[in-house]
Amino acid sequence: MTPPPSQAAAPASSWLRSWKFWSVMGGIAALVALFTFGFTTDPKKVPSPLVGLPASSFQVRQLNGTEQLSLAGLRGKPVLLNFWASWCVACREEAAILQQAHLTYEKERGVLRVIGIAIQDKPEPALAFARKYGKTYFLALDNEQGDIGLAYGLYGVPETFFINAQGIIVCKKIGPVTPEWIRDYAERGKTTCDQS
Amino acid sequence: MINDIGYVFLVAAMAVSLYGVFVPHLGVVRNNWNLVRSAQFATILNLAFVAAASAVLWRAFVVSDFSVRFVWETSSRDLPLAYKLAAFWGGMDGSLLFWELVLAGFSAAVAYGYQRSNREIIPYVIAVLNVVHVFLLFLLLTWSNPLAIQSPVPLDGRGLNPLLQHPAMAAHPPLLYLGYVGFSIPFAFAMASLIRGKLDNDWVTTTRRWTLFSWYALTVGQMLGGQWAYEELGWGGYWGWDPVENAALMPWLTGTAFLHSVILQEKLNMMKVWNMTLIILTFGLSVLGTFIVRSGVLNSVHAFAQSEIGPAFLIFLGLMLTGAFLLLFRRMALLESRHTAETLASKETTFLLNNLLFVGIAFTVFLGTVFPLVAEALRGTKLSIQAPFFNTITAPLGIALLALLGVCTLIAWRHSSLPHLARNFRVPAAAGAVAAAGSALLGVRSGAALTVFGIAGFTATVLLLDFARAVRVRARQEEISLPAALVSTVTRNPQRYGGLVIHLGMVALFIGLAGNYFKQEHSFTLSRNQPVSVGGYQLVYKGMKVEQVANATLHGAEIEVYRNNRLVDTIKPARSFYPTQPDPLNEVAIHRTLAEDLYVVLASENAGDTVTVKVNINPLVMVAWLAFPLFTLGAGIAIWYRPRRLTETALDSRWSYA
């Protein structure tokens with residue numbers, strides 16, 4: 228019986244010097260490196276392309292009052308622009324946080340304007356929601372076509388934008404805002420955005 | 002207590018797997034066949050241990066033992082029994098154990114089944130398989146222990162994700178695993194052949210049926226996944242080029258290429274290096290697929306079972322690929338075959354083209370899947386690759402494959418005479434033209450769809466004529482009736498005619514896929530008893546019904562479907578509320594005919610007794626599902642293929658190490 232031809236390997240030098248071998252090894256290394264990099268990023272985090280760009284202006288009439296407001300007219304003071312809806316559960320969570328920001332930064336110190344735009348909503352339920360959660364800051368409805376929501380590329384509500392005194396969008400927050408997030412921008416003058 | 006015993010079984014499985022990695026090599030070095038036999042036995046014992054550990058987990062599911070954390074995470078008391086059993090693979094840890102169970106079963110079958118053949122390489126086949134066992138068991142014993150205990154014991158479980166409570170979901174993951182794991186058998190044989198330097202075609206012939214079986218499981222697994230997405234996710238389609246879907250498609254593509262190219266090695270001794278490469282890629286992509294599904298490095302809608310084992314999978318993948326390609330390059334000089342296709346017009350050429358197309362599609366899918374990560378690594382930009390990219394590139398390649406399938410069947414091995422070929426082309430080409438023209442007359446306006454129908458008509462005619470001719474010849478030669486000749490034709494060459502049936506299934510699948518070129522999507526609000534017309538149907542909303550189905554409360558909108566003023570169906574798209582879930586799920590309602598599906602999703606219930614619905618008219622979906630029975634029949638026939646004689650040493654039972 229013939230012994231198994233297990234020693235019949237090619238001379239090591241030949242294949243170790245072939246470019247094919249090293250390209251395959253390089254490919255494997257690149258693949259592993261790529262996915263290792265993948266561990267360091269979260270694919271669920273998608274930045275808004277609007278960050279760093281001028282906030283698009285809009286004109287609205289106040290829901291809980293009679294004021295007419297144009298966003299462009301607020302240039303000179305930072306704006307906290309919040310999108311919400313009366314049917315939105317997470318908006319209840321952040322209602323008190325926004326109201327507190329309004330009291331502290333807008334009424335007391337006058338360093339910020341807080342605006343809430345309700346999307347896909349009707350005046351009566353929106354007003355009822357505002358009364359129930361004690362919102363006293365400027366509230367308005369988006370129009371029937373939802374033009375403002377489209378201009379700001381909303382995924383859903385709540386979403387909140389911080390717009391600086393020059394009218395540039397500094398950061399966007401998807402989901403309920405936190406007091407820390409607001410404080411970072413309104414008080415500490417943060418200019419970067421950890422996007423979520 | 003009993004769960005601790007399950008863990009002990011896993012430890013025991015680890016011990017015998019480690020034995021199975023090292024002892025076969027010792028047997029070869031010491032020339033002692035008994036050592037090899039002991040490793041075969043250890044591999045069979047491994048199945049017993051893993052099966053026992055799995056039984057312990059299944060028991061915990063059945064009796065709702067929430068002291069087991071995994072059971073608490075994926076089950077609840079109100080879950081129907083069938084889903085309790087299927088919740089085994091409803092999360093990461095359990096699916097890993099399930100993978101190990103399937104692999105243990107297959108490995109035991111290999112250890113038991115090849116005691117007398119393939120003696121030269123079988124020690125290393127056993128060793129390679131056990132390396133995979135050690136990796137999986139290592140994960141199961143450390144980060145991913147499905148039998149981990151928690152205290153205090155919760156009163157009820159968190160419940161299986163309602164999206165997964167669907168019959169197709171009970172069968173889809175196990176079938177994918179059967180496919181993934183199945184490909185590790187030819188992979189192990191390939192690696193063992195490389196290690197031993199036994200570079201003839203025995204590994205190919207021996208594993209031919211494993212490959213077929215794995216291909217079938219992977220195919221059906223994917224079709225069931227598509228069916229689940231279609232019925233459960235409610236976006237109106239069955240394939241969305243999501244990374245997780247792509248992850249299962251890539252090994253299927255290279256595996257299908259492998260399935261074809263090994264025929265060239267068997268028949269003509271060609272493509273030896275290529276076949277090794279393909280099986281390494283197929284197994285590698287199976288591991289990569291699992292990695293993508295579990296690690297969460299790519300964004301997906303199917304991220305049902307993510308966990309922390311991503312890095313471990315990546316290390317395993319890197320080592321596995323490096324080791325496999327090192328082995329391959331070491332033997333490269335011996336593998337390279339001098340045989341090439343003789344003329345351009347030969348069956349060999351069509352096989353080469355087939356492989357180019359399959360691998361081309363696989364590469365496209367791979368690129369589209371990982372490109373967002375590449376872009377972020379190199380440019381820091383986030384982007385996502387959507388269906389248009391994949392469709393633009395893969396659709397023409399796929400249509401080329403469909404045409405090639407017809408051409409390949411017509412053309413002869415070695416070389417074809419062109420006049421003969423031209424004569425054989427006439428009838429199928431005419432049939433294709435008729436199919437395209439007929440579809441146009443029936444109102445199909447999409448050029449792409451008409452192209453597919455034309456080519457499908459051509460290829461289907463080629464296949465059916467080929468079969469009819471073979472049956473007629475057989476009937477004349479053996480002087481038997483046509484039905485008897487049909488049976489005799491198929492049983493004499495099951496590989497060829499099983500393949501033919503599968504190819505007919507492929508034609509059906511393509512026809513069904515082409516339906517996507519002319520589907521319609523509408524959305525409107527229905528008031529009670531006021532008919533609305535859509536795509537030849539009239540829909541009449543009759544009112545809301547609330548009912549309890551198993552563990553869910555269904556809010557269904559009863560809608561009557563009329564066609565030509567005749568009531569054809571009453572459907573009930575619904576939103577279902579599960580006690581364990583905060584948000585309702587959509588229950589799609591589908592009125593199916595062979596020509597098209599009327600697919601209705603309840604978007605919202607409005608005030609004033611109106612409902613808003615999303616309606617899709619999806620043509621030819623049933624034709625695509627028709628591929629399923631054809632694949633099953635074809636694979637069932639082809640699996641009866643008996644390999645041709647192995648080489649002397651492979652069969653020689655006297656050959657021993659003693």
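Chains as they are written, first to last, in the numbering used here: chain A, 228 to 423; chain B, 2 to 659.
Ideal Cβ positions, reconstructed from N, Cα and C, are used throughout, including at glycine.
Next item on the list: Report the neighbours of B:E377 on chain A: residues whose CB is nearer than 9 Å to its CB, in chain order.
Entry: Residues of chain A with a Cβ closer than 9 Å to the Cβ of B:E377 are, in chain order, F264, G265, T268, P270.
Item checked: Interface residues of the region 313–334 of chain B facing chain A [CB-CB below 7 Å] -> Those residues of the region 313–334 of chain B placed with their C-beta closer than 7 Å to a C-beta in chain A are L315, G319, L322, T323, F326, F330, R331, R332, M333, A334, ordered along the chain.
Check: Beta-carbon of B:V298 versus every beta-carbon of chain A: anything under 7 Å?
Finding: yes
Next item on the list: Could you tell me whether the Cβ atoms of B:G285 and B:L250 are closer together than 7 Å?
Entry: no
Next item on the list: Give me the Cα-Cα distance between B:F367 and B:N247, rounded to the nearest whole angstrom.
Entry: Rounded to the nearest angstrom, the two C-alpha atoms are 8 Å apart.
Notebook entry, point to check: Out of curiosity, what's the CA-to-CA distance linking A:K304 and A:A392?
Noted result: 4 Å
Next item on the list: Tell whether a beta-carbon distance below 7 Å holds between B:Q166 and B:Y84.
Entry: yes
Next item on the list: Please classify B:R470: is it buried, with 16 or more other beta-carbons within 10 angstroms of its beta-carbon, or exposed?
Entry: An exposed status is given to B:R470, since fewer than 16 other beta-carbon atoms sit within 10 Å of its beta-carbon.
Note to self: Quick test of the definition: if touching needs 3 or more C-beta pairs under 8 Å, does the region 197–210 of chain B touch the region 471–488 of chain B?
What the structure shows: By the C-beta criterion, the region 197–210 of chain B is judged not to be in contact with the region 471–488 of chain B, since fewer than 3 inter-stretch pairs fall below 8 Å.
Item checked: Best match in B:F330, B:Q116, B:S287, B:Y8 for proximity to A:S245 [C-alpha to C-alpha] -> B:F330
Checklist line | Spatially closest choice to B:L320 from A:I396, A:A256, A:W249, A:W242, by CA coordinates | finding: A:A256
Margin query: I want to see whether chain B comes within less than 7 Å of A:F389, judged by CB atoms only; does it?
Written below: no
Checklist line | Whether A:I375 touches A:L280 by CB criterion (7 Å) | finding: Cβ atoms of A:I375 and A:L280: not closer than 7 Å.
Next item on the list: Give the straight-line distance between the Cα atoms of B:R473 and B:A486, rounded to the nearest whole angstrom.
Entry: 7 Å
Next item on the list: Closer than 7 Å by C-beta to B:L86: which residues in its own chain qualify, once you throw out the five before and the five after it? Chain order, please.
Entry: W59, F62
Margin query: Does the contact criterion of 3 or more C-beta pairs under 8 Å hold for the region 191–203 of chain B versus the region 266–278 of chain B?
Written below: yes
Notebook entry, point to check: Any Cβ of chain C within less than 7 Å of the Cβ of B:L164?
Noted result: The structure shown contains no chain C; its protein chains are A and B.
Margin query: I'd like to check one pair, B:L195 with B:L279: are the Cβ atoms closer than 7 Å?
Written below: no
Note to self: I'd like to know if the region 494–505 of chain B and the region 520–533 of chain B are in contact, where contact means that at least 3 CB-CB pairs between them fall below 8 Å.
What the structure shows: no
Notebook entry, point to check: Buried or exposed: which applies to A:H329, given that a residue is buried once 16 or more other Cβ atoms fall within 10 Å of its Cβ?
Noted result: buried
Next item on the list: Would you kindly check if the distance between the Cβ of B:A14 and the Cβ of B:F42 is under 7 Å?
Entry: no
Check: Candidates B:L353, B:L374, B:M224: which alpha carbon is nearest B:V408's?
Finding: When only C-alpha atoms are compared, the closest one is B:L353.
Checklist line | Three-state secondary structure assigned by DSSP to A:G337 | finding: It is coil, neither helix nor strand.
Check: If you draw a straight line from the alpha carbon of B:P630 to that of B:G227, how long is it in whole angstroms?
Finding: 15 Å
Notebook entry, point to check: Do B:T460 and B:L514 have their C-beta atoms closer together than 7 Å?
Noted result: no
Note to self: Please report whether the beta-carbon of A:W242 lies at a distance below 7 Å from any beta-carbon of chain B.
What the structure shows: Closer than 7 Å: yes.
Next item on the list: Ignore the nearest five residues each way along the sequence and tell me which others in B:T490's own chain have a CB closer than 7 Å to its CB.
Entry: A471, V472, R475, Y498
Check: DSSP puts B:A558 in a beta bridge; with which residues?
Finding: B:M545
Checklist line | Residue of B:A230, B:G237, B:E232, B:V263 minimising C-alpha distance to B:R210 | finding: B:V263
Checklist line | Proximity of B:S287 and B:F364 at Cβ, strictly below 7 Å | finding: no
Check: Would you call the CB atoms of A:W311 and A:A345 closer than 7 Å?
Finding: Going by C-beta atoms, A:W311 is nearer than 7 Å to A:A345.
Item checked: Three-way DSSP call (helix, strand, coil) for A:G343 in this model -> strand
Notebook entry, point to check: From this set, B:G506, B:S145, B:Y600, which residue's C-alpha is nearest B:M224's C-alpha?
Noted result: B:G506
Check: Going by other Cβ atoms of all chains shown within 10 Å of its Cβ, with 16 needed for buried, is B:W1 buried or exposed?
Finding: Past the edges of chain B, shown from 2 to 659, lies residue 1 of chain B, and the structure says nothing about it.
Next item on the list: Using a Cβ-Cβ cut-off of 7 Å, state whether A:I255 counts as contacting chain B.
Entry: For A:I255, the answer is yes, since a Cβ of chain B falls inside 7 Å of its Cβ.
Next item on the list: Any chance you could list the beta strand (DSSP E) runs of at least 3 consecutive residues sitting entirely within the region 167–235 of chain B, in chain order?
Entry: none
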